[in-house]
Every structure is written in structure tokens, then in C-alpha cells.
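Protein chains in written order, with this note's numbering: chain A, 33 to 550; chain Z, 33 to 550. Down below is the structure, laid out as C-alpha cells.
See below:
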């Protein structure tokens, strides 16, 4: 169903299976603004009228508008409707592509009187958002520092928003480049030349061996190199599992009430319906697990709400799997990062025959590596490899390098340093909020790369608008709610504190505090 | 349809969609031999009797047996049926996994009286063959040189065959490691940190820009970075195209009469039927293109037969596409390697709106990089990216490194050196054959990494047996024939002369000459 929205000459390709109507609409609008097809100041049709034109729900349009306001592409003011944001200082300026569409993004002007606010964040959108994890949909920081501009010259287009607090990406400026290159040199120097050939469809044995050791030690995973499949990030792994489930005749996958629509859409694209499970203070309630074929969980650190799955419930999930033959998929996206205690071990450790453990380098190192891994029950290996096309999908050099990185101890050192950095940020954020925004409550365990900030009831949209005004890219909790979820969480912001580079962190925190209700 | 072959306790998973019955059977048998479940010397049931047990065609079983004889796992002798090859010197010994299943393969004993014959070739098969290109199904050289063994000690298990002449893999021992590491260092040192984030689903802009320049210059491709999609090798690209075609309601893809079953199987897995086109001395005949939805061709160097597509036929293919809206997929797998003249430019140059150009680093550099690229007609971009899951699938570091490799000129230098190396091998092969096996005729243009050796009628199986005896992994031309192809080529061997490392080449050539009819 490709619909053309003739009013603005925008070719909207809206397909529910291809990322959701809302995302499709958001992407198309963002692209139209970015390329100038929708000029600054243009007034958009009301959500009601556009929804009628497109034959879709009004809420979908309103949500897309809200997203783009939050990202700084559109502005919404009482009485004047929704407009394309004006270019120019302090007016939600939209600059050229951020680095998401390449490295070509230039420097942008600081907001205000030439103040340098650290590295700007360009919301890129040359193409539909590439997010597959707790991630940044097409938004990524621009590569250049923001320069002062001299009076008398028109300000160059400034990337907006200036700070990226959308969860899902670690601090990439702290990627251990020198250590990685060292490991790459060692790996490529010592690898047999056959390592450059078409490889084992499970992935390089060196990496699988290193991962088995590491996962057993650090996450309590019962791993065996023979049962690990390397994949191009979690999204690839989930696609493989979706294909496997569908091939087995599965129809329904239970998911958490709050999560990532990209995951639900991946499963939907495989022909699987997702049904949300209710949850409470002990985490997702497995009592509602009945005849679903599988369940997708984030037991160590629920994304995005932030709790851990209570041990009784961990046991209940495994019981359900044993009783019904259902499959448990454990998304351990940020299991390395727990700040207050030893992280809870992987659920997979309870029953490796019924739980698929999924891990990734996207949070601990960088999403750009496109490296993730599944630890599979033995009876699923053949089918997962068939879904993978019987071929290794990831470059062997990166795999060998990560193996070397793990076995040399560089990975542990990097994770320890990152843990310290993120913990400091989180502590600073919580302390600053307590001082300056006492009505806002930081919730969730001290872990990971994001925190949920609970807001006074009914203030989420307002806070998102204020955040956009203050140059923040940030999402509200409602954005992560499954459409069929019964539980309604309070208004909240989901703040990814891992993403800004170190030198931009204090500015980001300042902007956040300014945007929150006092 | 998973069938259990109780006689040998082998669990045969035979599914036509998962790589073909023949491959499934071949893989299962190889695995059983490799792991020792089928002991050396075991006599296998006759092809007739096993076919009846499994309810499959007798030819399928016979073909699988022939493949495994060619690979050295089984031996077939007049009067004694087919048996699992004996371990031991000179008897088709099967060793541990080759490097295909990891780097763990050990040294093997040389055949004969401790003679060192260069690097041995282990036929690995821990899992179904990972080949996606003119490639080596699970067979790859072992990483260690062959050692002499002292008298008095039992010979360690020797990988067999000793030389890999299966087409599809370049000389990986000549991979430019130092240059690649240099490029990786430059790329990672200068890249903005955003290059490590979730990226543009088309792939890194640096690589797409470098490819657009290179492909226009070297292959006459009308390329634009905006229309290039980086993918994890050709097989990934073909999967994307298969998904795209299927989503558009396509049913049939015309293919060449000879080609790779992995490609046909990939298309079949997408729900597409492949129908072979006839061919003659001017290449594949597009006269039979009617209502097919697409056609997959290797115009510059037909794989495996080895001709180029005549210019009249190139024009006719494009005419067909324009007339019917059919899609042409140009697999330019080894377009860099032409030895006698400037290579024929890409078919895509004739009509970039109807031809998808597909290229790869697997032949010019290494399959392990898992880097390929599609140059797409503009109207297909959105759908291909949707099939790709809206996310970049390849590691950004390798992409940045290849971009640097291309723009710095290192790629051209490497290709020139490789071209010279392969040309010399080809010349030596042709000259040696003329001298020692005058009945055998080398055919196909002077290009690429393989040559077709025409044999006296009815001698292909015999030559394959002799080759196995002489330590060669090599395939017959019949193996590449589409099951529905009308044209029957003469008996021939398809010899990949690119694969052995330099120091093993003369031994491989010697063994080949010894195996051919005088």
C-alpha cells in the first residue's frame, strides 16, 4: 500500500509491515523537511485532516508529528498549529544530514549568541531509520564541533537537536580505537589464510570460543562454541529466530508491554503476531504465558522501563517453556553494565535447552561493528543456520579481531572503563535532578545506558516539547508502549545518557535539567 | 521432511528448499564420515537401495556418492562398490576438520614416502556447505604445511585432498594483509566517531562513493553512491533481490543453463522458480526470454562455461527488459580479471534502469570480508532496503577500510598483481596440458579464476575419480548443470586455478596433469 500525499508532493510509502505506519510517516516527513521539499515555516495539515487524507488513524499522525517536534524538525505552538521548524538561531534549526547519512555533515552554528555547546546532534534521515536495538532512529551526532559564527555573517545551518539522549548507542567517541587496531593487527597477522575464505556459517571458531569463555564467566551463560551463532547484531539474530519460528508453524510471540517497535515489526515481518505481557514491580508477569510459541524478554534490565525480572518469575518463565515447548529469547543487550552490584546472571543459565541467549557488541563496543551472537539450544542449530542461508554473514576480520580483543583482556578493560564512565554520568544525572527537578523521579536499577525519568501526570508531551526547545533529542516512555499493552505507565522520559561524548555530557545534562519541570 | 536413515544411525535432514536433496545427502554423509560414525572401509548401500530407502531418485544418491568420491571421503572401485575411504597414506585419507570449521586443523602427513607436497587441503564439513558464490562447498585448505613423519610413528591423519581446485576462491595466501592493515589504520584513525553508530542502511557513504568511482572507471557501470547498496557478499544481495521480486509477485527467474545451485536454491527459498535459458557459442540465448520476471546472468564471464555474452545478445536482453519490465541481474563476480584484453564493460551500462549490477570483493580480495554491492535502478532502492531490514548489515570498519583501499589506489595495485599471478597460472596450465594431455582442451576466455577442461566423451566421472586419487578437490561440469537445462555440454572439469597458494600451485598442476587422460 504505497500512498501518495499529493498536497506536498511527498511520496509516502506506508506499509505496516515495513516499520509501521507511524515510522513510515515520520521518515517520509523528516526526509521532506531535510531535503527542503517542505520549506521552513510551512504549516502542516492538522493531524485530523492528514489522517483522513491518508486513511489512517489520527493518533498515528499526531504521534509522527510529536516525534518530529521532539527531534526538532517541526515546531508546534498553541494556536498556530504544526509547522516546519524555521532555520536559524534558536528556532529549531534543521541542518544538513548528520553523520547517519555519511561523514559529510558540516559544522553548525551554536544556538544563542554563538555559544559553543559542544558537539551538535544532527537528525539525519536520508532513509528510513536504521535502528534495530534500543537505538537512535536516524539520529546521530554530527561529526564536527560547533563553531562560533562572527556577527555580520548569516549563521550557517545548525544541526538540531544539539544533544542526543535517545537510548541505544554507547559513547562512540570512547570507542577504544588504538586497542582495536592493535587487536586487528595481531589477529590478521596470525590468522591462517583460510580464515579469509567462505567460513563456517556459525561464525569464526576463534570468536565462538572466546565468546563461550566470556559469556560463561561474565554472564553465567552455559555456552559452548558449537552452539553459538555469530550474527550481524541482534536484529539479524531476531530475524533468524523469527524465520525459524515461522518455519515451525509458530504464530504468536509474547513480548514485554514496553519495548522496541523495530523488534515487534521484525517479528511481524516474519508473519508472527506479538502479544504483550502485563508487568508490575517484579517485572513482566509470565502468568499470562499460555499457548504463545515464544517469549522475548530483557530479564537483566527491562528495556526501557529498567527493572530486573524477579527470580520467581525467571523460574516461572522456564517452567512455562518446559511445560509447553515454547521458546524463550533472552535479549541481554546491556548485561555488562550494572553499577550497584554483580549483574543478575543470564536466564539462559537456568535452562539452556529452552532459552536462546542473545548478546551484542552494539552496547559494549559499537553498533557499527554489526556483531551479535546467539547461544542456541542444540536442536535449533540446523534450522537457524538454514535461516541464515548456510553462510557466514559477518566479516571474518572483525570476528577475529573481537576474538583477540576478548582473549587478550582488552574487552574486559574496556568494559570496566566504560562502566565507570556511565556510572559517573548516571550518578551526576540523579544528583542534579534531585537538586533541580525534585518532581522528577529517576527509576530503574543502576544499570545500562539509560534511565527512566518519571514526570508529573500529563506532562510528557510538554516535557518533550521543552526538551526539543533546549536542543535535546529524547523520547517519551509512551513511544515504547506496545499498541496492545494493557498496562499504562506514568508519563516519563527515557534518557540515554550513554550516547553523548564526554565533552558534551555536562551540556546535555544542563539542557535536560532546563527542560524538566522545576 | 526430515528422514532418518537408520541403517547407519545417520539423521538425514533432507529438505529440497534447504540446499537441495543432493546437497543435504552429501553433507550428511560427509559429516558421518568426518565424525567417524561411518568408519573407514564401511561399504555403503548401493545407490539403488539407498534411494529406495529414502524415497528419492537414484541419480540423487549416485551424484552424492560421486561428489564424495571426488572429495576423497568415499572410494569407489569396480566390483567392490562404494566404501568409506580408508585412513592412511595414499588411500584418500580423511583428516580432521579443515579450516572451514575453524583454524584448528592440524598438520597432515604427506602422501608417498614422506614427500612434502605443499599445503594440504582438508575437506571440512562440520556443517552444510557455506558456499554462495562460485565457491568451495565446505572445502578449504588446511592451515598448516604438511610435515614429514618419521618412520616408526604412525602417520598423523592427513587431510585429503591435498589440492583445492574447486573454483570460487582467490589465492588467499596473497591477500594484501599489510596494505589492508594500513588502510584500516588510516580509516579508523580519521573516521568520525559517528561512523561507529547504526549506519545508513545502504552502507557507509565513503564506500559507496569510492565504489561509484571505481565501478564507473573499471567496469563501465553507471553508478551513483545514492543507488549503491552494500551487502554481505553476492548471496546476501541475491537474497534481497529474491525478496524484492517475490514481494512484487514475481514467480520465475530465468537463469543460465550452467551455474551455481546455491543461487538457484536461494531464489527457490524466496519462492521463485528458476528456468534455464539455452546457450551456444555466442552465450546465453535471450530469445527464450518471454514472461519471466527477471533474468540472472554472468555476462562478462559465464560461470562456469567461460564465454562472454555476445553484444547482440546483450542488446537483446536489455530490449526484453524494456519491453516487458523484467529485471536483469548482472552477476559480475570476476570482472576484474581479464588477461587478453580490456574486459567487456558491464551490461548495466546499457540500461541502468533495468539492470541491477552486482559486484563483490570475494574474488578480488577475499570471501571472508563478506562485502558485495548492488547498483540498483532508482525505483528499487526503497524495496531493497526494506528487504534488508532497514539496517546496515556490514561492519562499518571493513567498509571504511575498503573505501580507503579503493581511494588510495591499493585496490588497483592489488588487482594488477593478482591479475598477473592468475594469468601466469592459466598460461602454465594451458601450456602444460597441451604437452601432457593433448586430448584435453582448455576452453573459455582468458579471464577469471577458473578454466573448463573439455574431456573425451564419457570420461568425466573417470577423471574425477583419478583426480581424487591424485589428491585433487575438483568438480565436473555436470555438477553445475541446471536440472531443467536442455543443453548438455561435453564432459569437462571446471578447474579453479586461483585457489592454491603460490607454493602449492606447481604441485597442484602436476597432480592435475597426472589425473587427466594422456
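Virtual Cβ for every residue (Gly too), placed ideally from N, Cα, C.
Identify, in the order they occur along the chain, each residue of the same chain with its Cβ nearer than 7 Å to the Cβ of residue i, setting aside the five sequence neighbours on each side.
{"i": "residue 413(Z)", "result": "259"}
{"i": "residue 458(A)", "result": "371, 478, 483 and 529"}
{"i": "residue 401(A)", "result": "393 and 430"}
{"i": "residue 471(Z)", "result": "488 and 549"}
{"i": "residue 283(A)", "result": "304, 305 and 325"}
First and last residue of the beta strand (DSSP E) that includes residue i?
{"i": "residue 107(Z)", "result": "106-109"}
{"i": "residue 114(A)", "result": "113-116"}
{"i": "residue 454(Z)", "result": "No beta strand (DSSP E) contains residue 454(Z), which is instead part of the alpha helix (DSSP H) from 442-468."}
{"i": "residue 274(A)", "result": "No beta strand (DSSP E) holds residue 274(A); the alpha helix (DSSP H) holding it covers 265-279."}
Taking 8 Å as the CB-CB cut-off, is residue i touching chain Z?
{"i": "residue 423(A)", "result": "yes"}
{"i": "residue 230(A)", "result": "yes"}
{"i": "residue 550(A)", "result": "no"}
{"i": "residue 510(A)", "result": "no"}
{"i": "residue 271(A)", "result": "yes"}
{"i": "residue 268(A)", "result": "yes"}
{"i": "residue 216(A)", "result": "yes"}
{"i": "residue 426(A)", "result": "yes"}
{"i": "residue 221(A)", "result": "yes"}
{"i": "residue 213(A)", "result": "yes"}
{"i": "residue 204(A)", "result": "yes"}
Tell me, please, whether the CB atom of residue i is closer than 8 Å to any CB atom in chain A?
{"i": "residue 201(Z)", "result": "yes"}
{"i": "residue 207(Z)", "result": "yes"}
{"i": "residue 400(Z)", "result": "yes"}
{"i": "residue 410(Z)", "result": "no"}
{"i": "residue 227(Z)", "result": "yes"}
{"i": "residue 534(Z)", "result": "no"}
{"i": "residue 430(Z)", "result": "yes"}
{"i": "residue 557(Z)", "result": "The structure shown has nothing for residue 557(Z), since chain Z only spans 33 to 550."}
{"i": "residue 264(Z)", "result": "yes"}
{"i": "residue 299(Z)", "result": "no"}
{"i": "residue 530(Z)", "result": "no"}
Could you please give me the residues that DSSP links to residue i through a beta bridge?
{"i": "residue 196(Z)", "result": "505(Z)"}
{"i": "residue 315(Z)", "result": "312(Z)"}
{"i": "residue 306(Z)", "result": "285(Z)"}
{"i": "residue 565(Z)", "result": "For chain Z, the structure presents residues 33 to 550; residue 565(Z) sits outside this window and is missing."}
{"i": "residue 473(A)", "result": "486(A)"}
{"i": "residue 370(A)", "result": "479(A)"}
{"i": "residue 88(A)", "result": "DSSP lists no partner for residue 88(A)."}
Kindly give me the distance between the Cβ atoms of residue i and residue j, rounded to whole angstroms, as I take these residues to be in contact under 8 Å.
{"i": "residue 234(Z)", "j": "residue 253(Z)", "result": "Not really, about 16 Å apart at Cβ, beyond 8 Å."}
{"i": "residue 265(Z)", "j": "residue 335(Z)", "result": "So it is not a contact: roughly 15 Å between Cβ atoms."}
{"i": "residue 326(Z)", "j": "residue 358(Z)", "result": "6 Å"}
{"i": "residue 571(A)", "j": "residue 541(A)", "result": "Examination of residue 571(A) is not possible in this model, given that chain A is present from 33 through 550 alone."}
{"i": "residue 61(A)", "j": "residue 96(A)", "result": "6 Å"}
For residue i, I'd like the list of residues in its chain whose CB is within less than 6 Å of its CB, leaving aside the five on either flank, ordered along the chain.
{"i": "residue 296(A)", "result": "306"}
{"i": "residue 521(Z)", "result": "509"}
{"i": "residue 439(Z)", "result": "242"}
{"i": "residue 500(A)", "result": "101, 102 and 104"}
Quick one: give me the first and last residue of the alpha helix (DSSP H) that residue i is part of.
{"i": "residue 514(Z)", "result": "No alpha helix (DSSP H) contains residue 514(Z), which DSSP labels as neither H nor E."}
{"i": "residue 415(Z)", "result": "413-419"}
{"i": "residue 322(Z)", "result": "Counting along the chain, residue 322(Z) falls outside any alpha helix (DSSP H), and DSSP gives it neither H nor E."}
{"i": "residue 294(Z)", "result": "293-301"}
{"i": "residue 363(A)", "result": "Segment 359-363 is the beta strand (DSSP E) holding residue 363(A); no alpha helix (DSSP H) there."}
{"i": "residue 350(A)", "result": "343-356"}
{"i": "residue 546(Z)", "result": "534-547"}
Under 8 Å Cβ to Cβ from residue i, same chain only, skipping five residues before and after it: list those, please.
{"i": "residue 237(Z)", "result": "257"}
{"i": "residue 184(Z)", "result": "Its pLDDT being 39, under 50, residue 184(Z) is placed unreliably in this model, and the value from its coordinates should be taken loosely. Once the five neighbours on either side are set aside, residue 184(Z) has no close Cβ partner at all."}
{"i": "residue 415(A)", "result": "276, 279 and 280"}
{"i": "residue 354(Z)", "result": "383 and 386"}
{"i": "residue 73(A)", "result": "115, 116 and 118"}
Measuring only between beta-carbons, confirm whether residue i sits less than 8 Å from chain B.
{"i": "residue 234(Z)", "result": "Among the protein chains in the structure shown, which are A and Z, there is no chain B."}
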